[in-house]
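The letter at position 265 of the sequence shown is residue 904 when you use my numbering, and the numbering goes up by one with no holes. Even for Gly, the Cβ is constructed at its ideal location relative to N, Cα and C. Every value quoted in this text rests on a predicted model; they were computed, and no experiment measured them. A short write-up of the structure that comes next.
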Amino acid sequence: MDESNHWYGHSHILGRYCDIPDETPRRIQGYLQHGWNYLHGFPPNDQWCCPGYPRFIWSDVLRRRGWSMGRRGHYLIGAPWIYLLELEPDLGVRPERKGTIWYPFHGWEKSSVSGDHGRLADEIRDVENGPVTVCLYWLEFANPDIRQAYKSRGFRVICHGDRGSRWDGKGRDFLRKQLVELRRHRRVASNRLGSALFYGASVGCDVAVYGDPMQFEDERPEYGGTERRKRLWPELHGTSVDPGLAAEITRRELGFEYQATPEELRRMFGWRRARAAATPSGSGTALARRQDRAARRDPADPQPRERRGDRAPRAASVRQGQPRGVRP
């Protein structure tokens with residue numbers, strides 16, 4: 640299906656969670672939301688989403704927005720990030736976290752961003768205490784002038800890499816690299832709300848949103864601009880944000896309550912179960928956790944509850960409101 644399903648290693652992470660060997664192609668039969676946004680989870684001009692194919696989205700608020708705009712066939716599964724957290728509970732964990740990791744708003748392959756990186760770097764230097772790491776998207780990282788704007792202020796400048804595709808495999812470790820960096824920093828900040836802020840909050844980072852929000856050269860009016868973001872999430876803007884409130888909003892926006900089981904994902908994505916002889920590609924910790932859950936099942940009930948039509952509590956919670964997998 641669509642190449643965006645494989646950006647940032649999403650299909651790879653979900654395949655690991657489903658114990659599918661790495662060498663197996665993971666074509667998702669539908670369209671997977673590839674990043675946080677405040678529309679309906681997809682671009683405004685999403686006509687490329689073929690009618691009749693499902694949309695796998697992170698949260699119920701996106702389903703409701705999509706419904707209001709004529710979109711149908713939503714499956715609530717949560718963000719791929721939450722599956723990575725289960726697979727890698729200890730990756731990058733440090734006894735002490737220091738400094739801030741800062742994510743300037745970035746462009747993409749078909750649209751650049753206008754803004755003054757030098758002025759933004761000055762503001763970051765004035766606000767942040769302690770060491771600062773600036774993480775640039777690969778397009779901005781490839782520009783020596785942009786890199787120098789931050790390096791000249793004494794900041795460490797990094798890049799998590801290319802978002803990749805199904806064919807080249809470049810983005811497979813993107814989110815793993817991001818997880819390692821977020822867990823080494825005490826604080827995450829940006830000049831716009833975005834996926835990185837919520838990812839950071841999910842692993843205990845303090846959050847901040849400040850500075851010139853910058854603009855796409857052809858920014859779509861459907862998003863509503865900076866004023867709409869501030870109107871919807873005023874509590875997340877500023878140099879200091881309440882950590883408890885940020886954590887609460889993060890769980891809702893990333894869809895933690897909608898995390899599916901491996902069997903559910905295999906069914907929704909059209910994936911076959913891995914052969915019994917194959918070595919599972921999921922991490923030992925995550926696999927052991929699932930095996931432990933299976934071992935605690937009532938021995939008088941050898942069949943999974945799902946086969947009897949009585950779904951497990953977590954799967955049932957996914958279907959509150961509109962059942963996942965049932966098109967409106």
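Less than 9 Å separating the beta-carbons of residue i and residue j?
i: T739; j: V700; result: no
i: V796; j: F780; result: yes
i: C844; j: R733; result: no
i: W720; j: F794; result: no
i: I888; j: F837; result: yes
i: H745; j: Y722; result: no
i: R825; j: G769; result: yes
State the CB to CB distance for the pair residue i and residue j, rounded to an integer number of angstroms; the pair is presumed to be in contact (CB under 8 Å).
i: H679; j: G717; result: At roughly 16 Å, the Cβ-Cβ gap does not stay under 8 Å, so H679 and G717 are not in contact.
i: P743; j: N830; result: 6 Å
i: I696; j: L814; result: With a Cβ gap of about 18 Å, I696 and L814 do not count as contacting.
i: G648; j: G803; result: 7 Å
i: F681; j: Q672; result: 7 Å
i: V752; j: M853; result: 5 Å
Can you tell me whether residue i is buried or exposed? The criterion is at least 16 other CB atoms within 10 Å of its CB, across all chains shown.
i: P783; result: exposed
i: N644; result: buried
i: E727; result: buried
i: L884; result: exposed
i: R932; result: Note that R932 has pLDDT 46, beneath the 50 cutoff, so the model's placement of it is unreliable and the number below is only indicative. Its Cβ having fewer than 16 others within 10 Å, R932 is exposed.
i: G894; result: buried
i: G654; result: buried
i: R710; result: buried
i: E903; result: buried
i: S698; result: buried
i: G585; result: Beyond the ends of the chain as shown, which are 640 and 967, falls residue 585; an answer cannot be given.
i: R868; result: buried
In whole angstroms, what is the alpha-carbon distance linking residue i and residue j?
i: D658; j: V842; result: 24 Å
i: E892; j: A835; result: 12 Å
i: P693; j: E896; result: 20 Å
i: R822; j: A840; result: 10 Å
i: V819; j: D729; result: 9 Å
i: P901; j: L759; result: 43 Å
i: G754; j: S650; result: 33 Å
i: R666; j: H713; result: 18 Å
i: D761; j: S791; result: 10 Å
i: K809; j: S879; result: 35 Å
i: P882; j: A847; result: 10 Å
i: C798; j: V827; result: 15 Å
i: L715; j: Q787; result: 42 Å
i: A886; j: L778; result: 30 Å
i: Y849; j: R911; result: 45 Å
i: P660; j: Q898; result: 21 Å
i: K816; j: D685; result: 29 Å
i: E725; j: Y656; result: 8 Å
i: R703; j: P683; result: 15 Å
Indicate whether at least one CB of chain D lies closer than 9 Å to the CB of residue i.
i: C798; result: Absent from the structure is chain D; it holds one protein chain and no more.
Pairing CB atoms from the stretch 870 to 878 with CB atoms from the stretch 895 to 909, are three or more of them under 8 Å?
-> By the Cβ test, the stretch 870 to 878 is not in contact with the stretch 895 to 909, since fewer than three Cβ pairs between them sit closer than 8 Å.
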